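Data first, discussion second: the structure below is written as structure tokens.
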Amino acid sequence: MAHSFHVSQSHAHLKWNNRLAPVLRVPSGTEVTFDLKDASNDQIRPDNASTALAAFDFSQTDPAFGPVFVEGAEPGDILQVDILSLTTGDFGWTALFDGFGLLADEYPPEAHEQNLKIWDLRPSALVPSITGPSGPSRAVFKPGITVPVRPFLGIMGIAPAEDGELSVIPPYALSGGNIDTRYLNQGATVRFAVQVPGALFSCGDGHAAQGDGEVCGTAIETPMKARLRLSIIKKETSQSDASSSSSSSNGGKQWMELHCLHYITPPRGGGEVAEDDLKGTYAALGIHADPREAARMALRGLVDWLMKRKGLDRVEAYMLASVAASLRMTEAVDMPNYAVSCSIPLATFAD
Numbered sequence: 137m138a139h140s141f142h143v144s145q146s147h148a149h150l151k152w153n154n155r156l157a158p159v160l161r162v163p164s165g166t167e168v169t170f171d172l173k174d175a176s177n178d179q180i181r182p183d184n185a186s187t188a189l190a191a192f193d194f195s196q197t198d199p200a201f202g203p204v205f206v207e208g209a210e211p212g213d214i215l216q217v218d219i220l221s222l223t224t225g226d227f228g229w230t231a232l233f234d235g236f237g238l239l240a241d242e243y244p245p246e247a248h249e250q251n252l253k254i255w256d257l258r259p260s261a262l263v264p265s266i267t268g269p270s271g272p273s274r275a276v277f278k279p280g281i282t283v284p285v286r287p288f289l290g291i292m293g294i295a296p297a298e299d300g301e302l303s304v305i306p307p308y309a310l311s312g313g314n315i316d317t318r319y320l321n322q323g324a325t326v327r328f329a330v331q332v333p334g335a336l337f338s339c340g341d342g343h344a345a346q347g348d349g350e351v352c353g354t355a356i357e358t359p360m361k362a363r364l365r366l367s368i369i370k371k372e373t374s375q376s377d378a379s380s381s382s383s384s385s386n387g388g389k390q391w392m393e394l395h396c397l398h399y400i401t402p403p404r405g406g407g408e409v410a411e412d413d414l415k416g417t418y419a420a421l422g423i424h425a426d427p428r429e430a431a432r433m434a435l436r437g438l439v440d441w442l443m444k445r446k447g448l449d450r451v452e453a454y455m456l457a458s459v460a461a462s463l464r465m466t467e468a469v470d471m472p473n474y475a476v477s478c479s480i481p482l483a484t485f486a487d
């Protein structure tokens with residue numbers, strides 16, 4: 137029987153730091169199960185909803201769980217994280233916090249019950265998909281208003297090259313972290329440029345659902361169990377090895393150095409999406425304090441992929457991005473940085 141690797145709720149950290157001791161050491165290709173507290177660090181529960189915000193300690197929010205040392209990972213390599221399964225808790229919450237959110241100055245700061253919504257995520261409380269049996273179940277916001285449940289991890293990141301402690305609240309261009317990108321559901325793949333030996337991967341901040349931008353500052357925050365596969369793509373990997381050790385959308389054309397995060401989303405069925413999304417998408421994620429520069433970073437990342445993986449020249453790649461790719465502000469509230477994705481449907485390509 138294969139060895140089981142598990143990161144528990146006790147393996148939390150509240151800062152990024154490349155000197156954190158790993159809680160696990162695993163070989164490349166290992167599946168790891170993460171048992172995650174919600175973004176409040178268990179401060180918000182259905183049984184304390186009336187008092188939770190008044191007593192809330194913001195310094196304890198957004199715990200990341202790990203880090204996991206992946207054997208053989210060195211700076212210059214790529215850490216590939218395959219999202220195998222995501223299971224929400226029985227409840228979730230959405231809240232307004234003083235000074236947090238895109239319209240924070242327009243909403244009252246009082247920490248009263250109206251600023252907290254508790255969601256019932258028990259299977260018996262969800263309503264069926266409106267797109268057919270293979271579509272997502274829906275959580276009830278209030279009578280007559282429902283939201284599709286599409287779980288993802290708000291936090292996925294690796295240790296930064298920079299020494300010292302970094303906040304877990306904003307995302308970072310190379311090491312990721314609180315990227316809050318709602319397309320990273322079960323079946324998706326995320327790739328990071330390794331910054332330190334072992335990569336030191338952590339995750340957390342389970343979300344049952346979120347819109348692009350997470351505009352009020354929170355999603356449907358929920359405890360989560362995540363099963364992930366952590367694999368290393370070595371910089372010296374040959375063309376044939378690169379094709380076989382990663383997703384088919386990798387193409388195997390030539391080695392591609394990452395200057396931002398890249399991700400692949402799976403196909404969606406159930407009649408819930410347009411034809412262009414039926415094969416999934418490839419995307420680059422730009423993260424920067426200037427949202428325009430974040431968009432430029434994401435676009436450069438996608439153009440680079442089109443050149444290295446699809447054999448286009450620089451002009452062709454730029455043109456194709458303009459007519460087939462989409463820019464989305466996936467995270468707009470985790471100051472000081474914004475996250476913008478540039479994605480292209482894989483249905484664009486015959487192979």
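If you're matching positions, the sequence shown starts at 137 in the working numbering and goes up one per residue.
Cβ atoms here follow ideal geometry from the backbone N, Cα and C, with glycine treated the same way.
These numbers were taken from a predicted model, which means no experiment stands behind them.
Nearest to residue 421 by C-alpha distance, out of 465, 167, 217, is 465. Check the Cα spacing between residue 194 and each of 305, 312, 478: the tightest is with 305. Closest in alpha carbon position to residue 355, among 418, 366, 198, 140, is 198.
The beta carbon of residue 453 sits closer than 7 Å to those of 439, 442, 443, all from its chain and outside the five residues before and after it, given in chain order. Beyond the five residues adjoining it in sequence on each side, residue 196 comes within less than 6 Å, by CB distance, of 177 in the same chain, given in chain order. For the set 263, 290, 273, 239, the Cα lying nearest the Cα of residue 279 is the one of 263.
For residue 231, the three-state secondary structure derived from DSSP is strand. Taking C-beta atoms as the reference points, residue 202 and residue 330 fail to come closer than 8 Å. Ranking 457, 462, 455, 415 by CA distance to the CA of residue 483 puts 415 first.
A Cβ-Cβ contact shorter than 8 Å links residue 283 with residue 345. Looking from the CA of residue 372, the closest CA among 281, 208, 220 belongs to 208.
Within the same chain, 295, 296, 297, 298, 299, 331, 332, 336 come within 8 Å of residue 154 by CB-CB distance, once the 5 residues on both sides are set aside. Nearest in C-alpha terms to residue 434, of all of 272, 169, 457, is 457. Assignment of residue 455 by DSSP, reduced to helix, strand and coil, places it in the helix class.
With a minimum length of 3 residues, the unbroken runs of beta strand (DSSP E) contained wholly in the segment 248 to 317 fall at 252 to 256, 274 to 278, 281 to 284, 288 to 293, 312 to 314. Of the residues 467, 487, 158, 293, the one whose Cα lies closest to the Cα of residue 217 is 293. Here residue 155 carries a coil assignment [DSSP, helix/strand/coil].
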